[in-house]
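Take a look at the structure set out below.
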Amino acid sequence: RLETTIDIWWFAASFAGDGGMLLLIPQVLRWHQVWSRCKVRVFVVNDTNDVADTTMAETIDAYLKDVRISAEMMTVPLVSTSGGALKPSEI
607 RLETTIDIWW
617 FAASFAGDGG
627 MLLLIPQVLR
637 WHQVWSRCKV
647 RVFVVNDTND
657 VADTTMAETI
667 DAYLKDVRIS
677 AEMMTVPLVS
687 TSGGALKPSE
697 I
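Here the sequence shown is numbered in the working numbering, starting from 607 and rising by one per residue.
Here it is in structure tokens:
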């Protein structure tokens, strides 16, 4: 059995209340004995570069609860605060 995380990367610009297929995949994986202990993390890439965008975070958090998905959600800016491309170490 695996005891790791399944990471989902979701671009906020594409959030229109429909991430069903994207979120369904880890749920289906977790039905299998091997993946059943894995946790799900949803990284929401925020194109407004406002990590504290509470409206977006609340909307997505409510959506996850509505579809009964237990996941940790984090917002990630599209670009770094220095204006360049985001480095993996900044995530």
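By construction, the Cβ of each residue, glycine as well, lies at the ideal position given by its N, Cα and C atoms.
Note that this is a predicted model, so its numbers are computed, not measured.
Start and end of the beta strand (DSSP E) containing I614? Per DSSP, I614 belongs to the beta strand (DSSP E) from 611-617.
Distance check for M627 and V650, CA to CA, integer angstroms please. Between the C-alpha atoms of V650 and M627 there is a straight-line separation of about 15 Å.
Using 8 Å as the threshold, is the C-beta distance between I666 and M680 below it? When the beta-carbon positions are compared, I666 and M680 stay at least 8 Å from each other.
What residues match up with V651 in a beta bridge as DSSP calls it? F617, V682.
So N652 and V682 are in contact, right, with Cβ under 8 Å, and what is the actual spacing, rounded? Separation of the CB atoms of N652 and V682 is rounded to 7 Å, and the pair is thereby assigned contact status at 8 Å.
Take L635 and list the residues in its own chain whose beta-carbon comes closer than 6 Å to its own, dropping the five residues that flank it on each side. Counting only Cβ-Cβ distances below 6 Å, and skipping sequence neighbours, we find W641.
Measuring straight from C-alpha to C-alpha, what distance separates L684 and M662? Looking at the two C-alpha atoms, the distance is approximately 14 Å.
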